[in-house]
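Heads up: the structure comes next, in structure tokens.
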Amino acid sequence: MKKLLKGLLENTLSFNSEILLKSTEAGNKINEWLSDANYVKVSMGENCNSAWYLKETGNKDASYPYDWIFSSSDIVKHSITDKFQSFLNKDMIVQINDNRAGHSLYHSNLFNHKNPLKSDEDYNYYERAVKRFLDLINDTSKNILFVCTVIQEREKRPGWTNGFNKEYNLPTNQNIDTFTDTMELIKSINKNVKFIFINQFTEGKLNLEIETINDNYLWINFCSKGKNTGVKYLNKIDDKVIKNIYKGMN
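Following this line, the structure appears as structure tokens:
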């Protein structure tokens with residue numbers, strides 16, 4: 006029995022070392038892909054994972070509108086086209102509780118961490134984030150890296166999933182085509198942009214692969230061993246793997 010347990014432990018340690026090495030190599034590939042250019046990193050949603058790990062790895066220099074909300078490609082596309090007028094319209098924001106609010110156009114739980122109706126301070130936070138975002142994408146001297154966590158497991162993300170009961174449909178079976186129009190819109194405003202999509206699966210066989218890399222975007226498939234809270238990974242190895250990926254953006 007002791008030999009069996011020892012063998013299992015050695016296999017686990019070996020596999021963990023292998024996946025950590027793979028994540029470091031992925032981070033290095035991201036770093037090479039970005040070359041020597043300095044990029045401002047911006048979360049594009051679809052939940053808080055992107056902003057959390059940008060912050061945890063020293064890549065988050067400022068707050069932007071999609072940091073701590075639920076979003077989708079269509080929501081991002083419309084809010085940019087609309088210059089966030091609907092996004093910031095208090096008549097369209099629906100109170101849930103002190104810390105959360107929905108939106109009558111976009112998502113019934115859009116503001117899931119900070120309620121813009123709670124205080125002038127909280128509303129002003131979003132106003133500043135929006136202005137900062139619009140100033141940034143219209144500044145063609147800046148390079149921007151948009152980072153998006155792609156949610157596939159609807160049943161594990163009920164807050165995100167169930168909120169798509171307004172004008173915007175729940176995204177399903179997402180792939181790069183889901184985001185093509187949004188990428189094209191952003192690139193029509195500022196050509197100096199790139200996109201990283203992290204295709205998220207959880208509680209399965211630990212796996213990481215860069216599926217696609219080209220001049221415009223990089224698509225990563227990542228299946229974690231443990232759970233994700235919607236903000237971060239609970240398993241230490243999962244957390245380390247994703248941080249290695251984000252560190253490649255430094």
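Numbered continuously in the numbering used here, the sequence shown closes out at residue 255.
Glycine included, C-beta positions come from ideal geometry on N, C-alpha and C.
- Secondary structure at H83: helix, using DSSP grouped into helix, strand and coil.
- At a Cβ-Cβ threshold of 7 Å, L122 and Q100 count as neighbours.
- Burial is judged here by how many other beta carbons sit within 10 angstroms of a residue's own beta carbon; H108 has at least 16 and is buried.
- Judged by DSSP in its simplified three-state form, G164 adopts helix.
- Residue burial is scored here from C-beta neighbours: T62 has at least 16 other C-beta atoms within 10 angstroms and is therefore classed as buried.
- In terms of Cβ geometry, D72 and A56 form a close pair [threshold 7 Å].
- For A134, the enclosing alpha helix (DSSP H) starts and ends at 125 to 142.
- Taken through DSSP and simplified to helix, strand or coil, I98 comes out as strand.
- In this structure, L139 is the residue among K60, L139, D96 with its C-alpha nearest to the C-alpha of D87.
- Here K46 carries a strand assignment [DSSP, helix/strand/coil].
- Nearest in C-alpha terms to Y251, of all of N195, E208, I98, I225, is I225.
- DSSP places W57 within a helical segment (H, G or I) once states are collapsed to three.
- The segment 181 to 193 makes contact with the segment 76 to 92: 3 or more CB pairs, one atom from each, lie closer than 8 Å.
- Of K241, N255, M254, the smallest CA-CA separation from N21 is found for K241.
- Residue environment analysis places I194 among the exposed positions, since fewer than 16 neighbouring C-beta atoms fall within 10 angstroms of its C-beta.
- DSSP places T185 inside the alpha helix (DSSP H), whose first and last residues are 181 to 194.
- Buried is the label assigned to S48, since at least 16 other Cβ atoms lie within 10 Å of its Cβ.
- It is roughly 9 Å from the alpha-carbon of G164 to the alpha-carbon of G235.
- With contacts defined as CB atoms closer than 7 Å, P70 and V135 qualify as a contacting pair.
- Between L223 and I203, the gap from beta carbon to beta carbon reaches 7 Å or more.
- Linking G231 to V246 through their CA atoms gives a straight-line distance of about 12 Å.
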